[in-house]
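Visitor: Residue numbers (our numbering): 702 to 883.
Dropping the structure in here first, questions after.
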Amino acid sequence: MEAPVNTEKVLDIVRKHEDGWGGMIAVLTDIQYVFGYLPEEALRIVASATDTSLADIYGVATFYRAFSLHPRGKHHICVCLGTACHVRGAQMVVEEFERQLNIRPGETTLDGNFSLETVNCLGACALGPIVTMDNDPSTKVRPADIRKILKTSWKTDTEATDSLGVTVAAALGQEMEEATTI
Ligand code: FES
């Protein structure tokens, strides 16, 4: 579900960076921090407040992969598909996430618990394939490790065990249901 956009909050962010060095990137970074992504409504407010075309703002928002135009899942999975990781089998890792979560890169599970994304390099090429789960890196990841990575996120989630369990149980089958007793 998309977050409601508080116009004053967006304008506060614009004002905060009015005289700063960060420019539009700093504004968008703060908006994403507040809303979890860049809602179109917020970008329209920024465009109006800064006398910048919406197309230019989208240009910045889509150039940097750190920005997302869609709500991300509660848990954000990022798989490196840079050359070094790719030659070590990162594509198979992506396909295993796709299979277990039933989503493609750029998508979020229906219950909003997991989103999947790929990037071109995470800066630790010698340890690839690299996967981050909520910015927590796993190195030398193989398809067989995906189950454990998903389990770890699930086990450390203390806020919404029930709803998260829906996704993981669906993705991992009976084994995850048994894991609820851990
Ligand atoms: S190519 Fe994956 S970390 Fe550099």
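Quick reminder that beta carbons are idealized off the backbone N, C-alpha and C, glycines included.
#1: Say the cut is 8 Å; is the CB of G790 nearer than that to a heavy atom of ligand 1?
#2: Measure the CB-CB distance between V706 and I758 and report whether it falls below 9 Å.
#3: CA-CA distance, T819 and C786?
#4: Just the Cα atoms here: how many angstroms apart are H718 and L729?
#5: Quick check on D713: does DSSP put it in helix, strand or coil?
#6: In whole angstroms, what separates the C-alpha of T753 from that of V715?
#7: Relative to the alpha-carbon of R843, which residue among T809, C822, V795 has its alpha-carbon at the smallest distance?
#8: Here's the rule: buried if 16 or more other CB atoms are within 10 angstroms of the residue's CB, otherwise exposed. What is A767?
#9: Considering Cα atoms alone, identify which of P740, E797, G829 is closest to C781.
Guide: Taking the geometry as given:
#1: No, ligand 1 has no heavy atom inside 8 Å of this Cβ.
#2: no
#3: 11 Å
#4: Straight across, the Cα-Cα distance linking H718 with L729 is about 10 Å.
#5: Taken through DSSP and simplified to helix, strand or coil, D713 comes out as helix.
#6: Straight through space, the alpha carbons of V715 and T753 are spaced by roughly 12 Å.
#7: V795
#8: exposed
#9: G829
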